[in-house]
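K.L.:
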Amino acid sequence: MESLIYNAQNALTALGVQHPEKWSKSELLTWHLAKRGRFAVSATLLLLCAITICTGALITALVKHQWEMASQMWLPSYALFVLTAGFAQLDRVATQRGWPTAYVQWAALQAILACRPRPDDDHAASMATSELSKQVERLGVALVTYALFGISRRSELRAALLPHCVRMSQQLDDAFEASLRDHSQVKVLAERIVHSIDILVRQEPLSLAPSPEPTSGESMPTEPPIPWRMVIAHLLALLIGAALIEGFKVLGFSAEHLLLLTPLIYLVIQIPYLSTGKVPNALRHLPRLGSTVPTPSPEGEPSPLEAGASGNVPRPLTPTPQSHDQAPRSTTS
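With the first letter of the sequence shown counted as 1, position 29 gets the number 1015 in the working numbering; the numbers rise by one all the way through.
1. Ends of the alpha helix (DSSP H) at LYS1011?
2. Would you kindly check if the distance between the Cβ of VAL1122 and the Cβ of ASP1159 is under 8 Å?
3. Is the number of C-beta pairs between the region 1036–1046 and the region 1064–1075 that are closer than 8 Å three or more?
4. Taking the Cβ atom as the reference point for each residue, do ASP1170 and VAL1130 lie within a distance shorter than 8 Å?
5. Please return the same chain residues whose Cβ sits closer than 7 Å to the Cβ of GLN1230, not counting the five positions on each side in sequence.
6. Whole-angstrom Cβ separation of LEU998 and ILE1098, contact assumed at under 8 Å?
7. Helix, strand or coil: which one does DSSP assign to GLY1238?
8. For TRP1017, which option in SER1138, GLN1075, MET987 and LEU1175 has the closest C-alpha, if you only look at C-alpha atoms?
9. Using CA atoms only, rank isn't needed, just tell me which of ALA1020, ARG1188, ASP1168 and GLN995 is closest to ALA984.
10. Sort LEU1134, GLY1072 and THR1248 by Cα distance to ALA1228 and report the nearest one.
11. Taking the beta carbon of MET1113 as the centre, do at least 16 other beta carbons fall within 10 Å, making it buried, or is it exposed?
12. Please list the terminal residues of the continuous alpha helix (DSSP H) segment that includes MET1154.
13. Use the C-beta contact count for LEU1033: other C-beta atoms within 10 angstroms, 16 or more gives buried, fewer gives exposed.
14. Can you tell me the Cβ-Cβ gap for ALA946 and LEU1192, rounded? I've got them flagged as a contact below 8 Å.
15. Is the separation between the beta-carbon of SER1182 and that of LEU1166 shorter than 8 Å?
16. So, with DSSP's three-state summary, where would you put ARG1104?
17. Can you give me the Cβ contacts of GLU1013 inside the same chain, cut-off strictly under 7 Å, excluding the 5 residues immediately before and after it?
18. Below 8 Å on the Cβ atoms is my guess for VAL1003 versus ALA1164; work out the distance and round it to an integer in Å.
19. Spatial neighbours of PRO933 within its chain, please: C-beta separation below 7 Å, excluding the five flanking residues on both sides.
20. From what residue to what residue does the alpha helix (DSSP H) around PRO1062 run?
21. Does the Cβ of TYR1132 have 16 or more other Cβ atoms within 10 Å, making it buried, or fewer, making it exposed?
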C-alpha cells in the first residue's frame, strides 16, 4: 500500500499537481484486503468447478451411454459452474456496496496511477490510454455507488447526494475526452481526481461538484423512480397464485373446484400488495357511475369542461325529457 501511494505521489509530481491533503490509508487497506479475499474465494470455487466439469466431460466421453452420463454428471457440474460464476458477480457487487468509501478511494488511486506520463513506445502509450479510460469509468461508477450506499439509505439524502456525484463523474469524463484531444489536459483530470479525494477525506460529499445556478425559466428534468416495491409485489403475487394452483392440483382438486376457489386465491395474492404498501392502479382509482360523460357540443356553445366549475358537476345517467321545441320530426313519407 505504501508503494502504491508513493507511485501515485510521483505521478502527481511529474504532472505538476499538488498532492492530496491526506491519503485515507485505512480505507485503501480495507479495500485491498476485501478485494484479495474475494479473489481468493472466487478463484478457489471457479477452479473447483472447472475440475468438476473436466472430470464430468472425460467420464462422459469414455462411457457408452453418453447422454445419460451427461445428464447425470456433466450438466449438473456445468450448472454448478454457472451458479458459482453468478455468486462471484454477486459477491463483487456486495463488496462494492459494503465498502463504498474504500471503493472510491481505491478507484481514485488507480486513476491517478493511470495518469502517469506516457512511455515513448507507441504500443505502450496506447495501452496506457486504454487503462486510463477504464480507470476513469471505474471511478465514475464508484462515485455513484458511494452516493447510493456510502452514507445513508434514506432516499432524501441519497437524492441530494446523487446529483453531485453524477456531475463529478461527468466532469471526469469531460476531462478525459479533452485529454484525448490534447494530452496536456491530463493535468486537469488529475486535479479533479485529487479534488474528489480531498472532499471525501474531509467528509464533505455535497461539495464534490456544486450545482450550477439554474436560470429563471429552466426546469430541472426529473426521472420518476422505479416502483421496486410494486414490481416485487407483482412477482410475489404471481408466485403465490401459481403455488396455490399447484398445491390444489396436488391435493386432487379438479378444474371445477378451482373456479370455486378463485375468490380465495384472489384474497391470498393481495397479501403482497398489503405488505409492501402498494395498491395496483386499477384498484386505487375505481370508476364512478356518476361521472360526467363528455359529449360533443355544437359550434358556438362551450363544452361542459370549458364552462368552469359548473362543468365538473356530475350528471345523473338518466334520460332527459325533450322539450316541445325539440320534438322529433315525423318519419312518415
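All C-beta atoms, glycine included, are put in the ideal place defined by N, C-alpha and C.
These numbers come from a predicted model, not from an experiment.
P.N.:
Per the coordinate set shown:
1. Against the sequence shown, residue 1011 aligns to sequence position 25. Element bounds for LYS1011: 1011–1048.
2. Position 173 of the sequence shown, counting from 1, holds the residue named residue 1159. Position 136 of the sequence shown, counting from 1, holds the residue named residue 1122. For ASP1159 and VAL1122, yes; Cβs fall inside 8 Å.
3. By the Cβ test, the region 1036–1046 is in contact with the region 1064–1075, since at least three Cβ pairs between them sit closer than 8 Å.
4. Sequence index remark: in the sequence shown, residue 1170 carries index 184 (1-based). Sequence index remark: in the sequence shown, residue 1130 carries index 144 (1-based). A quick correction: the sequence has Ser, not Asp, at residue 1170. In this structure, VAL1130 does not lie closer than 8 Å to SER1170 by Cβ.
5. To locate residue 1230, count along the sequence shown from 1; it is residue 244. Just to set this straight, residue 1230 is Leu in the shown sequence, not Gln. Leaving aside the five residues that flank LEU1230 on each side, the residues in its chain whose CB is nearer than 7 Å to its CB run, in chain order, ILE1251 and VAL1254.
6. Counting from 1 along the sequence shown, the entry for residue 998 is found at position 12. Counting from 1 along the sequence shown, the entry for residue 1098 is found at position 112. Going by Cβ atoms, the distance from LEU998 to ILE1098 rounds to 6 Å, so yes, they are a contact pair.
7. The count along the sequence shown starts at 1 and reaches residue 1238 at position 252. Here GLY1238 sits in coil by DSSP.
8. Counting from 1 along the sequence shown, the entry for residue 1017 is found at position 31. Proximity to TRP1017 across SER1138, GLN1075, MET987 and LEU1175 peaks at MET987, based on C-alpha coordinates.
9. A question about residue 984 goes unanswered here, because the residues of the chain that appear run from 987 up to 1319.
10. As a first step, residue 1228 must be located in the sequence shown, where it is residue number 242. Ranking LEU1134, GLY1072 and THR1248 by Cα distance to ALA1228 puts THR1248 first.
11. In the sequence shown, the residue the question calls residue 1113 occupies position 127. Under this definition MET1113 is an exposed residue.
12. Along the sequence shown, one-based indexing puts residue 1154 at 168. Residues 1141–1167.
13. Residue numbering aside, residue 1033 sits at position 47 when the sequence shown is read from its first letter. A residue is called buried when at least 16 other Cβ atoms come within 10 angstroms of its Cβ; LEU1033 does not meet this threshold and is exposed.
14. No statement about residue 946 is possible, as the shown extent of the chain runs from 987 to 1319 and does not include it.
15. If you number the sequence shown from 1, residue 1182 lands on position 196. If you number the sequence shown from 1, residue 1166 lands on position 180. In this structure, SER1182 lies away from LEU1166, with their beta-carbon atoms at least 8 Å apart.
16. Stepping through the sequence shown from its first residue, residue 1104 is reached at position 118. Looking at ARG1104 - three-state DSSP - the assignment turns out to be coil, as it is neither helix nor strand.
17. Within the sequence shown, numbered from 1, the residue matching residue 1013 stands at position 27. Contacts found: THR1087, ALA1088 and GLN1091.
18. Sequence index remark: in the sequence shown, residue 1003 carries index 17 (1-based). Sequence index remark: in the sequence shown, residue 1164 carries index 178 (1-based). Between VAL1003 and ALA1164 the beta-carbon gap is near 15 Å, outside 8 Å, which marks them as no contact.
19. Shown here, the chain extends from 987 to 1319; a query on residue 933 therefore has no answer.
20. One-based indexing of the sequence shown puts residue 1062 at position 76. Counting along the chain, the alpha helix (DSSP H) containing PRO1062 begins and ends at 1061–1084.
21. To locate residue 1132, count along the sequence shown from 1; it is residue 146. Buried, by the Cβ-count rule.
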